[in-house]
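The structure appears right after this line, and notes come after that.
2 protein chains.
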Amino acid sequence: MRSDTLQVLLWRRALDPHIGRWSLPGGRLRPDEDVETSIRRQLAEKVDIKKLKHVEQLAVFSTPDRVPGPRVVATAFLGLVPSDVDPEVPEDTSWHRVDDLPRTAFDHAEIVLRARDRLRSKLSYTNLGFALAPDVFTISELRGLYSAALGYRIAATNLQRVLARRGLLEPTGQTAPPGRSGGRPAALFSFACKGIQVTDPFAVLRPPPAAR
Amino acid sequence: MRSDTLQVLLWRRALDPHIGRWSLPGGRLRPDEDVETSIRRQLAEKVDIKKLKHVEQLAVFSTPDRVPGPRVVATAFLGLVPSDVDPEVPEDTSWHRVDDLPRTAFDHAEIVLRARDRLRSKLSYTNLGFALAPDVFTISELRGLYSAALGYRIAATNLQRVLARRGLLEPTGQTAPPGRSGGRPAALFSFACKGIQVTDPFAVLRPPPAAR
DNA sequence: TCAAAAGTGTTATTCCTACACCCATGG
DNA sequence: CCATGGGTGTAGGAATAACACTTTTGA
Chain A
129 MRSDTLQVLL
139 WRRALDPHIG
149 RWSLPGGRLR
159 PDEDVETSIR
169 RQLAEKVDIK
179 KLKHVEQLAV
189 FSTPDRVPGP
199 RVVATAFLGL
209 VPSDVDPEVP
219 EDTSWHRVDD
229 LPRTAFDHAE
239 IVLRARDRLR
249 SKLSYTNLGF
259 ALAPDVFTIS
269 ELRGLYSAAL
279 GYRIAATNLQ
289 RVLARRGLLE
299 PTGQTAPPGR
309 SGGRPAALFS
319 FACKGIQVTD
329 PFAVLRPPPA
339 AR
Chain B
129 MRSDTLQVLL
139 WRRALDPHIG
149 RWSLPGGRLR
159 PDEDVETSIR
169 RQLAEKVDIK
179 KLKHVEQLAV
189 FSTPDRVPGP
199 RVVATAFLGL
209 VPSDVDPEVP
219 EDTSWHRVDD
229 LPRTAFDHAE
239 IVLRARDRLR
249 SKLSYTNLGF
259 ALAPDVFTIS
269 ELRGLYSAAL
279 GYRIAATNLQ
289 RVLARRGLLE
299 PTGQTAPPGR
309 SGGRPAALFS
319 FACKGIQVTD
329 PFAVLRPPPA
339 AR
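Protein chains in written order, with the numbering used here: chain A, 129 to 340; chain B, 129 to 340.
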């Protein structure tokens, strides 16, 4: 994700099945690595992305005809990079809006949409926002990121309160300078926790208070 | 799951790596089937389970040393059978309490616990309860199933109201006869929808009402 | 002094849990 | 008529969305 739209990194295929179409970065699993190690290696080697803030399994895609030729089983991942990093990506690689994908190879468009849905739901019941934001940010910036990811505007006021109540926000004491059109300078915050955690585990059917 | 405890179907390994230990049913993926077709086939062929009410991917387990010998990548599934079916299982197969697992093969205990956690969270924000219950049930029975799956007692009153508010319960008009110690006969209900659906998609950060 | 952007206070609503109370049956 | 289990009404509380209002800046 970058700026105010949800984006995905794709690279243009140079080989023949679906040559020229855009596809998700990835590759073969080596015998000595597990799938997560593998996807981190591929991203580092092929598209120079080394600082993923969050990686999680999405699903296995295994329909026999999803790829021409012998069947290929793919384990898809959701990986998130904060909005302020702009990695040097190779020539044949670029970011694409998730809501306006180009012609993709194989079933990769389906995979991207599944990843988007996963991100959207996890934003509301986990602290996953930390993976989208820079280390230090204003509430307005964060609101922009959440709004872009969710696909609808949310209010900065309430976002701040929800995150604060959950103990996720830490004020830094610093402020950001206002823009050229003036306005009150915004306070800078950071996330208290850098790893994912479930913040709202039981929407209903909660366990009795003692067990919480 | 059966009766008032969460249970999992395991079978005793007859071959040598970890011979005699209990393991999850499964097997190799054929080239002409996807992973879900494969697991359904294996369950039907090997343990005679044909009526799964719900099947979903859990995760891929791929650590190189998870199985002795050449690395095996496993796609684990969560499959649910209603409490009233008691399939004929082979001699070397039996149900085991999830909270008191026997010595299992490989990483299968970890997989079972992951499945239990998935079930627990989905019970609260989806209608997944339909997969645990018989076609027709009393609220008390349903409460027993939810309590067993969640690991803590929940109140029948509130369970009924939560499910009713979401439009999931359909009264059948029938009643169940009381037990031998008397008591008012319980009304029988069924679930309105037989497939999984998300009933509480946004715990917080809801979209504006128009978009809902 | 005005416009713009950020932050705070307050209210109304929604949803949920807990608990008291009423109903129907068998012995 | 009493014990047992099922069902309903209601009150209190927690969390959140909406919105009016205040604060701080640049021009």
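Even glycine gets a Cβ: it sits at the ideal position worked out from N, Cα and C.
Minimum Cβ-Cβ distance from Gln325/A to chain B less than 8 Å: Your numbering for residue 325/A matches position 197 in the first sequence. For Gln325/A, the answer is no, since every Cβ of chain B falls outside 8 Å of its Cβ.
Where Ala283/B falls, given that 16 or more other Cβ within 10 Å makes a residue buried: Taking the first residue of the second sequence as position 1, residue 283/B is located at position 155. With fewer than 16 Cβ atoms within 10 Å of its Cβ, Ala283/B is classed as exposed.
Near-chain B residues of the segment 187–208 of chain A - C-beta to any C-beta below 8 Å: If you check each beta-carbon in the segment 187–208 of chain A against every beta-carbon of chain B, the ones closer than 8 Å belong to Ala187, Val188, Ser190, Thr191, Pro192, Pro198, Arg199, Val201, Thr203.
Neighbour-count burial assignment, Glu269/A, 16 or more Cβ in a 10 Å radius: Counting from one through the first sequence, the residue named residue 269/A turns up at place 141. Its Cβ being crowded by 16 or more others within 10 Å, Glu269/A is buried.
Where the alpha helix (DSSP H) through Leu241/A begins and ends: What you label residue 241/A is simply residue 113 of the first sequence in a count that begins at 1. For Leu241/A, the enclosing alpha helix (DSSP H) stretches over residues 236–253.
Supposed close pair Pro230/B, Trp139/B - CB separation, criterion 8 Å: One-based indexing of the second sequence puts residue 230/B at position 102. One-based indexing of the second sequence puts residue 139/B at position 11. Contact doesn't hold; Cβ gap of about 12 Å is too wide.
Exposure of Pro210/B, with buried meaning 16 or more beta-carbon neighbours within 10 Å: For the purposes of this step, residue 210/B is taken as residue 82 along the second sequence, with counting starting at 1. Classification of Pro210/B: buried, given that the 10 Å Cβ count is 16 or more.
Members of the segment 257–286 of chain B near chain A, C-beta cut-off 9 Å: Tyr274, Leu278, Gly279, Tyr280, Arg281, Ile282, Asn286
Residue from Gly272/A, Leu333/A, Phe189/A, Arg169/A whose Cα sits closest to the Cα of Arg242/A: As a working mapping, residue 242/A is identified with position 114 in the first sequence. Of the candidates Gly272/A, Leu333/A, Phe189/A, Arg169/A, the one whose C-alpha sits nearest the C-alpha of Arg242/A is Phe189/A.
Environment of Thr300/B [buried if 16+ CB atoms lie within 10 Å]: Here residue 300/B refers to the residue found at position 172 when the second sequence is read from its first residue. Residue environment for Thr300/B: exposed (fewer than 16 other C-beta atoms within 10 angstroms of its C-beta).
Inter-residue Cα distance where the pair is Ala276/A and Arg246/B: On the first sequence, position 148 is the one that residue 276/A refers to. On the second sequence, position 118 is the one that residue 246/B refers to. Approximately 28 Å, taken between the alpha carbons.
Extent of the continuous beta strand (DSSP E) to which Thr203/B belongs: Within the second sequence, the letter at position 75 stands for residue 203/B. Counting along the chain, the unbroken beta strand (DSSP E) around Thr203/B starts and ends at 202–208.
As assigned by DSSP and simplified to three states, the class of Glu219/A: Against the first sequence, residue 219/A aligns to sequence position 91. It is coil, neither helix nor strand.
Backbone CA spacing between Pro192/A and Ala261/A [nearest angstrom]: Reading the first sequence from its first residue, position 64 is the one you call residue 192/A. Reading the first sequence from its first residue, position 133 is the one you call residue 261/A. Between Pro192/A and Ala261/A, the C-alpha separation is close to 38 Å.
Residue-chain proximity (Val354/B, chain A), Cβ-Cβ < 8 Å: Since the first residue of chain B shown is 129 and the last is 340, residue 354/B is not available in this structure.
Touch test, the segment 159–175 of chain B against the segment 247–258 of chain B, Cβ-Cβ under 8 Å, three pairs minimum: no
Arg102/B versus Val201/A - alpha carbon distance: Lying outside 129 to 340, the shown extent of chain B, residue 102/B is not represented and no answer is given.
Secondary structure of Val226/B, DSSP reduced to three states: Mapped onto the second sequence, residue 226/B falls at position 98. Val226/B falls in the helix class under three-state DSSP.
Buried versus exposed call for Thr232/B [16 or more other C-beta atoms within 10 Å across all chains shown]: Taking the second sequence and counting its residues from 1, one reaches residue 232/B at position 104. By the 10 Å Cβ count, Thr232/B comes out buried.
Delimiting residues of the beta strand (DSSP E) encompassing Leu186/A: In the first sequence, counting from the first residue as 1, residue 186/A sits at position 58. Its beta strand (DSSP E) spans residues 182–189.
8 Å contact criterion, which Gln135/B and His224/B should meet: CB distance rounded: For the purposes of this step, residue 135/B is taken as residue 7 along the second sequence, with counting starting at 1. For the purposes of this step, residue 224/B is taken as residue 96 along the second sequence, with counting starting at 1. The C-beta distance from Gln135/B to His224/B rounds to 6 Å, short enough to fall under 8 Å.
Residues bridged to Ala304/A [DSSP beta-bridge criterion]: For the purposes of this step, residue 304/A is taken as the residue at position 176 of the first sequence. Answer is Ala314/A, bridged to Ala304/A.
Reduced DSSP category for Gln325/B - H, G, I as helix; E, B as strand; rest coil: Your numbering for residue 325/B matches position 197 in the second sequence. The answer is coil: DSSP assigns Gln325/B none of H, G, I, E or B.
Nonlocal neighbours in the same chain, by C-beta distance under 8 Å from Asp176/B, ignoring five residues either side: The sequence position of residue 176/B within the second sequence is 48, counting from 1. The beta carbon of Asp176/B sits closer than 8 Å to those of Pro215, Glu216, Val217, Pro218, all from its chain and outside the five residues before and after it, given in chain order.
Cross-chain neighbours of Val163/A in chain B, by beta carbon under 7 Å: Position 35 of the first sequence, counted from the start, is the residue given in the question as residue 163/A. Near Val163/A (Cβ distances below 7 Å), the residues of chain B are Val188, Ser190.
Reduced DSSP secondary structure (H/G/I, E/B, other) of Phe319/A: For the purposes of this step, residue 319/A is taken as residue 191 along the first sequence, with counting starting at 1. Of the three classes helix, strand and coil, the one that applies to Phe319/A here is strand, per DSSP.
Cβ neighbour criterion (16 or more within 10 Å) applied to Gly272/A: As a first step, residue 272/A is located in the first sequence; it is residue number 144 there, counting from the start. When all chains shown are included, Gly272/A counts as buried.
According to DSSP, residues forming a beta bridge with Val362/A: This structure cannot speak to residue 362/A, because chain A is shown only from 129 to 340.
Own chain, CB closer than 7 Å to Ala339/B, minus 5 neighbours either side, in chain order: Position 211 of the second sequence, counted from the start, is the residue given in the question as residue 339/B. With a pLDDT of 45 at Ala339/B, under the threshold of 50, the modelled position of this residue cannot be trusted, and the question is left open.
Counted within 10 angstroms of its Cβ, other Cβ atoms place Leu88/A as buried (16 or more) or exposed: Coverage of chain A is limited to positions 129 through 340, which leaves residue 88/A absent and any answer about it impossible.
Simplified DSSP state of Ser211/B, which is helix, strand or coil: Here residue 211/B refers to the residue found at position 83 when the second sequence is read from its first residue. Looking at Ser211/B - three-state DSSP - the assignment turns out to be coil, as it is neither helix nor strand.
Element boundaries [alpha helix (DSSP H), containing Gly272/B]: Residue numbering aside, residue 272/B sits at position 144 when the second sequence is read from its first letter. In the DSSP annotation of this structure, the continuous segment of the alpha helix (DSSP H) that includes Gly272/B starts and ends at 267–278.
Where Glu161/A falls: helix, strand or coil (DSSP): The residue you call residue 161/A lines up with position 33 of the first sequence. Coil.
Among Leu186/B, Asp162/B, Asp212/B, the one whose alpha carbon lies nearest that of Arg194/A: Counting from one through the first sequence, the residue named residue 194/A turns up at place 66. Of the candidates Leu186/B, Asp162/B, Asp212/B, the one whose C-alpha sits nearest the C-alpha of Arg194/A is Asp162/B.
Asp263/A and Ser318/A closer than 8 Å at C-beta: Here the question's residue 263/A lines up with position 135 in the first sequence. Here the question's residue 318/A lines up with position 190 in the first sequence. A contact, by the Cβ cut-off of 8 Å.
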